[in-house]
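*Asks:* For the sequence shown, our numbering gives the first residue as 43, with consecutive numbering after it. Heads up, the beta-carbon is just placed ideally off N, CA and C, and yes, glycines get one too.
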Amino acid sequence: MTLEAESLEERRAALIIKYRGLEIEDVEREGNRIYYYLRKNGDRYVILCVLGEKTIGISYIRDLKEKVEELGAVRGILIGGGHYTYSARSTVEKLNEEAEREGRGRLIELIPPSLPAFDIFQHELVPIHEILSEEEKREVLERYHVKPYQLPWIKASDPVAIILGAEPGDIIRIRGRSETAGEYISYRYVVE
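1. Round the Cβ separation of V92 and Y102 to the nearest angstrom and send it over; I've been treating them as touching at under 8 Å.
2. Considering L80, what are the terminal residues of the beta strand (DSSP E) in which it resides?
3. Can you say whether H171 is buried or exposed, counting buried as having 16 or more other CB atoms within 10 angstroms of its CB?
4. Helix, strand or coil: which one does DSSP assign to V116?
5. Can you give, in chain order, each stretch of the alpha helix (DSSP H) that sits fully within the segment 127 to 160 and has at least 4 residues?
6. Could I get the ranges of all uninterrupted alpha helix (DSSP H) runs contained in the segment 176 to 227, with 4 residues as the minimum, in chain order?
7. Could you give the DSSP three-state label for V110: helix, strand or coil?
8. Do G122 and L149 have their beta-carbon atoms positioned less than 8 Å apart in this structure?
9. Output needed for I89: all residues of its chain with C-beta closer than 6 Å, excluding positions within five of it in sequence on either side, in chain order.
10. Is it buried or exposed, R185, if we count other Cβ atoms within 10 angstroms and call 16 or more buried?
11. Count the other C-beta atoms from every protein chain shown that fall within 10 angstroms of the C-beta of V110, then say buried if there are 16 or more, exposed otherwise.
12. Under three-state DSSP, which class holds E72?
13. If you draw a straight line from the C-alpha of S175 to the C-alpha of G145, how long is it?
14. With respect to the alpha helix (DSSP H) encompassing L93, which residues constitute its N-terminal and C-terminal limits?
15. Relative to the C-alpha of S132, which residue among P158, V168, G99 is closest?
16. Within 10 angstroms of the Cβ of I214, are there 16 or more other Cβ atoms? Answer buried if so, exposed if not.
17. With distances taken Cα to Cα, identify the nearest neighbour of K189 among D212, L167, P169, A198.
18. When DSSP builds the beta bridges, which residues end up paired with R62?
19. Which same chain residues end up closer than 8 Å to R81 when comparing Cβ atoms and leaving out the 5 residues on each side of it in sequence?
Following this line, the structure appears as structure tokens:
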């Protein structure tokens with residue numbers, strides 16, 4: 043299934059789906075809400091796009107949490123064009139803390155409205171970014187005899203990290219081309 047993105051929120055969802063390697067199972071529209079039901083490596087995900095709202099409140103968080111639990115998804119992703127209320131953000135923090143204590147990782151992810159709605163990776167000056175697997179991470183740290191925090195840092199709130207789904211503790215490999223160095227590879231450690 044292909045996406046025809048019309049709104050900014052839908053374009054942001056399309057970028058996340060593309061660069062996180064998610065496969066679309068179904069899309070459902072309900073008023074100003076669009077639900078994307080996705081799958082990756084046997085895990086299910088739900089993206090909720092809220093269209094045309096200037097303020098995203100706790101009701102959207104509850105709705106997304108219900109969908110995630112109903113489907114047995116590992117994560118819900120909320121994309122809105124407005125700002126998130128304090129109660130919405132604090133509810134997400136509590137839900138995520140509870141899920142992490144249970145060993146499930148983050149349950150709900152809030153995508154900031156400041157995330158670009160265009161494909162930043164299509165620009166000629168933006169090199170290829172990819173999250174390393176645990177094995178690749180171990181190999182890089184051994185090869186360079188470093189601890190992760192000794193690598194250059196990238197914030198988890200950076201648009202590249204958000205689109206890729208990088209979380210604190212991950213390492214991102216950056217591959218680019220340079221007229222003087224040819225192909226180069228560098229690494230970034232994802233921090234809060």
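*Replies:* Well, looking at it:
1. 6 Å
2. 75 to 82
3. buried
4. coil
5. 128 to 143
6. 176 to 186, 201 to 206
7. helix
8. no
9. A55, Y78, I119
10. exposed
11. buried
12. strand
13. 19 Å
14. No alpha helix (DSSP H) contains L93, which DSSP labels as neither H nor E.
15. G99
16. buried
17. D212
18. The partner list for R62 (beta bridge, DSSP) is empty, contrary to what the question assumes.
19. L64, E65, E67, Y87
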